[in-house]
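Novice: Per the numbering used here, the sequence shown starts with residue 242, numbered consecutively.
Virtual Cβ for every residue (Gly too), placed ideally from N, Cα, C.
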Amino acid sequence: MSTATTERPQAQPNPPEGVKKKVGGGLLDPKQLWISLPDALKKLDPRTLWHNPVMLIVEIGSVFTTVLAITDPSVFAWVITVWLWLTVVFANLAEAVAEGRGKAQADTLRKAKQDTVARKLAHWKPGANVLDETTVGATELKLGDFVVVDAGEVIPGDGEVVQGIASVDESAITGESAPVIRESGGDRSAVTGGTRVLSDRIVVRITQKPGESFVDRMIALVEGANRQKTPNEIALNILLASLTIIFLMAVATLQPMAIFAVGEQGFGTDDAVLNANGVTGIVLVSLLVCLIPTTIGALLSAIGIAGMDRLVQRNVLAMSGRAVEAAGDVNVLLLDKTGTITLGNRQASEFVPVHGVSVAELADAAQLSSLADETPEGRSIVVHAKSAHGLREREIHDATWIEFTAQTRMSGVDVDGRVLRKGATSSVTEWVRSNGGRIPDDLKGIVDEVSSAGGTPLVVAEESRILGVIHLKDVVKNGMRERFDEMRRMGIRTVMITGDNPRTAEAIAKEAGVDDFLAEATPEDKLALIRREQEGGKLVAMTGDGTNDAPALAQADVGVAMNTGTAAAKEAGNMVDLDSDPTKLIEIVEIGKQLLITRGALTTFSIANDIAKYFAIIPAIFAAVYPGLDTLNIMRLDSPTSAILSAVVFNAIVIVALIPLALRGVQYRPSDAATLLRRNLLVYGLGGIITPFVGIKLIDLLISAIPGIS
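#1: Answer with buried or exposed for D715, where buried requires no fewer than 16 other C-beta atoms within 10 angstroms of its C-beta.
#2: Here's a check: name, in chain order, each residue in its chain whose Cβ is nearer than 6 Å to the Cβ of K262, leaving out the five neighbours to either side.
#3: Beta carbon of A791, beta carbon of T839: below 8 Å?
#4: Can you tell me where the beta strand (DSSP E) with F758 in it begins and where it stops?
#5: Ends of the alpha helix (DSSP H) at K938?
#6: Per DSSP, G653 forms a beta bridge with which residues?
#7: Is H712 buried or exposed, if buried means 16 or more other CB atoms sit within 10 Å of its CB?
#8: Out of curiosity, what's the CA-to-CA distance linking I947 and A335?
#9: Please go through the same chain and pick out, in chain order, the residues whose beta-carbon is closer than 7 Å to the beta-carbon of H292, but skip the five residues on each side of it.
#10: In the region 541-572, which residue ranges form an unbroken beta strand (DSSP E) of at least 3 residues, counting only runs that do not cross its ends?
#11: A665 and R650 - do their beta-carbons sit closer together than 8 Å?
#12: Given this structure, state the Cα-to-Cα distance separating V409 from S430, to the nearest angstrom.
#13: Taking buried to mean at least 16 other C-beta atoms within 10 Å of its own C-beta, is L558 buried or exposed?
#14: Are A491 and M296 touching if we call contact CB-CB under 8 Å?
#15: From the DSSP output, in three-state form, read off Q273 for me.
#16: For R956 and E424, I'd like the C-alpha separation in whole angstroms.
#17: Helix, strand or coil, according to DSSP, for P681 in the structure here?
#18: Count the other CB atoms, across all protein chains shown, that sit within 10 Å of the CB of V264; report buried if there are 16 or more and exposed otherwise.
#19: On a CA-only basis, which of R920, S483, G393, A567 is nearest P472? Give me that one, please.
#20: Where does T916 sit, in a helix, a strand or coil, going by DSSP?
#21: Helix, strand or coil for H638? Go by DSSP, reduced to three states.
#22: I'd like to know whether the C-beta atoms of V755 and T735 end up nearer to each other than 8 Å.
#23: Between D822 and G806, which are expected to be in contact by the criterion C-beta below 8 Å, what is the C-beta distance as a whole number of angstroms?
#24: Can you confirm whether the region 549-564 touches the region 584-604 when touching is taken to mean that 3 or more C-beta pairs between the two stretches lie within less than 8 Å?
#25: Would you decide whether A513 is buried or exposed? Buried here means 16 or more other CB atoms lie within 10 Å of its CB.
#26: Looking at Y909 and the ligand NAP, is the gap between the Cβ and the nearest heavy atom below 7 Å?
#27: Suppose you measure from the CA of N789 to the CA of N815; what does that come to, to the nearest Å?
#28: Identify whether P599 lies in helix, strand or coil by the three-state DSSP scheme.
#29: If I885 and S527 are in contact, beta carbons under 8 Å, what's the gap, nearest whole angstrom?
#30: Given this structure, state the Cα-to-Cα distance separating L684 from G709, to the nearest angstrom.
#31: Along the chain, which unbroken stretches of the beta strand (DSSP E) at least 3 residues long are found entirely within the region 820-856?
#32: Using a Cβ-Cβ cut-off of 7 Å (strictly less than) and excluding sequence neighbours within five positions of I276, which residues of its own chain qualify?
#33: Compare the C-alpha of L837 against each of N804, R905, D726, E776 and name the closest.
#34: Applying the criterion that 16 or more other CB atoms from any shown protein chain within 10 Å of the CB defines a buried residue, is L576 buried or exposed?
#35: For G695, which of V573, A893, A746 has the nearest alpha-carbon?
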């Protein structure tokens with residue numbers, strides 16, 4: 242005897258897919274500043290600082306002013322020297338804080354990489370029941386070795402399950418507490434070293450070389466040890482170095498030109514001659530440091546590290562900074578339909594009865610036949626009958642449940658003298674005919690209509706009578722149309738990839754709002770599509786998890802492999818999503834865009850920032866030599882000494898003030914390139930000019946109030 246009821250526990254609703262998660266980065270933490278300070282001081286070593294030519298020049302200038310302050314001490318000289326050194330330390334601090342956040346994540350990952358003992362199999366063959374095992378250290382495993390792992394044991398290295406099925410706890414890697422299933426064959430065979438088997442036994446073939454495990458690579462990446470500068474970052478560094486050299490040459494010639502103008506050409510007064518000769522090395526170094534692009538030079542590395550960090554926070558491992566940067570320049574997104582655009586599990590959306598049958602009768606039979614069906618489709622039929630037709634709180638006694646099999650392609654129930662079945666059209670109609678029934682004339686039209694709408698028809702019958710059709714709909718995730726609208730505003734074209742027939746694919750694509758679709762797609766079709774787009778000068782991003790996706794992942798500019806996928810897929814892609822969430826590709830593109838926007842915004846601010854400093858320092862230093870320059874002293878600073886001090890202090894403080902923005906990233910809003918440029922110039926260009934005027938004037942007022950300095 243069995244009893245069933247339609248009052249099932251309700252699944253917790255998923256958060257709306259259209260609601261964007263915040264691209265985190267975290268504000269500047271004073272505790273993190275203090276922890277990172279020793280690393281910032283270590284970076285003062287010129288052998289470390291040489292990769293940042295702008296800050297290397299500042300450090301050389303700081304050494305020079307220190308020597309001058311020792312040989313000819315004064316309050317002004319020592320204050321300038323201290324703030325120049327602070328400028329270098331603050332720049333190093335920005336990078337150290339960004340790296341420190343990664344090191345904290347690396348420490349967590351190291352806990353997963355413990356000294357694990359491996360049960361190595363000497364001679365393993367598929368189907369072997371007798372296992373000849375020896376115990377070795379996990380670090381001794383080599384590529385191609387086989388190990389056996391039982392429930393409660395830690396998987397000793399990255400590999401693929403070649404025998405068995407098990408529940409695996411991957412929380413040490415992904416942070417998700419829910420266990421996952423790993424089994425031999427298919428696209429969910431990959432396992433990661435450091436994760437724990439919770440049930441059953443599996444045999445794993447090691448796919449890593451010693452010291453090159455997934456965790457090893459991730460630790461090195463988040464710590465910054467393997468971070469290489471991206472092409473755009475290298476180009477910007479070359480530009481900053483060129484500007485620095487130009488300003489260095491310009492500043493070096495200022496004093497000789499002033500002396501020549503006064504002594505040889507007769508400009509100025511006797512006081513001007515003294516002023517021209519009195520432009521000390523400390524003043525010239527201060528001028529140089531304030532005029533070169535120190536702000537972006539100090540923050541450039543931190544911006545790149547923080548971009549990688551934001552991906553790691555989303556459980557995405559980028560194999561290189563180039564991949565993150567490419568994500569920001571993507572023009573075409575290839576998205577799988579199932580699990581990405583749609584929920585993946587078809588849901589009951591409508592009961593369509595044949596002629597002579599009421600909707601209520603069909604709903605009753607559909608729900609009865611699905612009460613013991615634990616598939617997502619079966620549960621959705623029960624819920625739809627309850628919500629749309631009020632079928633609740635029914636108790637069933639003495640029922641015989643018929644489970645679905647690949648042979649019958651039907652499921653159902655025998656209860657109270659009724660024999661109910663639901664399943665594929667061909668299977669149910671054949672079953673009805675075998676019971677002496679006839680097929681209604683309108684059944685074919687209903688089935689064709691459901692199929693043409695992109696749905697799946699399930700026919701419901703009671704012994705020798707067809708009752709109607711359940712319309713199973715491939716449900717598009719909430720908010721996907723809005724997300725694709727955002728992609729279009731950014732100039733990104735979306736293409737849905739599916740194995741469905743063209744009519745079904747077209748219906749789903751229209752509902753989801755994608756720009757194009759590729760139906761009945763094969764691995765070769767995906768690869769050809771990517772190459773075709775790239776030949777047109779486009780950058781392409783895609784996701785995949787199977788071995789058959791590997792060629793396309795390798796060809797794509799941004800290839801995101803699922804962590805649950807095969808080793809071939811993960812090796813082919815340049816990113817791995819530890820959560821195996823295909824929709825995350827959209828967020829990856831947004832993070833890449835945010836990285837590029839942040840770098841551009843702070844570069845604009847830095848260059849604009851320098852413009853205001855010209856009006857602070859140059860008139861203060863040379864107004865006596867060239868009286869006409871006094872008209873540029875629009876800030877009306879207290880004295881040349883306070884003007885120079887104010888500019889140097891502001892130059893150092895603004896670096897610390899911008900560290901949180903560099904780490905968090907500029908707020909991302911989907912828009913086209915022209916809108917982004919206007920916003921960049923208005924907010925960070927104009928803001929970069931106004932902020933120093935206000936900041937330097939306020940600092941000047943404070944300095945002028947301190948006796949003995951100005």
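Specialist: Reading off the structure:
#1: buried
#2: Unreliable placement is indicated for K262, whose pLDDT of 38 sits below 50; the coordinate value is still reported in the next sentence. Hits under 6 Å: none found.
#3: Not a contact, by the Cβ cut-off of 8 Å.
#4: 757-759
#5: 927-945
#6: I643, R662
#7: buried
#8: 30 Å
#9: By the criterion of a C-beta distance shorter than 7 Å, H292 is surrounded by no residue of its chain, once the five residues flanking it on both sides are discounted.
#10: 557-559
#11: yes
#12: 11 Å
#13: buried
#14: no
#15: DSSP, reduced to helix, strand and coil, places Q273 within a helical segment of the structure shown.
#16: The question about residue 956 has no answer here: the residues shown for the chain are numbered 242 through 951.
#17: Assigned with DSSP and collapsed to three states, P681 falls in coil, not helix or strand.
#18: Residue placement at V264 cannot be trusted, given a pLDDT of 36 that sits under 50; what the coordinates show is reported in the next sentence. In the assembly as shown, V264 is a buried residue. Its beta-carbon has 16 or more other beta-carbons within 10 Å.
#19: A567
#20: helix
#21: coil
#22: yes
#23: The Cβ separation is near 12 Å, so there is no contact.
#24: no
#25: Since pLDDT at A513 reaches only 42, below the 50 mark, its modelled position is unreliable, and no value is offered.
#26: Here there are no bound small molecules, and the ligand NAP is not part of this structure.
#27: 16 Å
#28: The question names Pro, but residue 599 in the sequence shown is Ser. Here S599 sits in coil by DSSP.
#29: 5 Å
#30: 7 Å
#31: none
#32: G341
#33: Checking every option, the nearest Cα to that of L837 belongs to R905.
#34: buried
#35: A746
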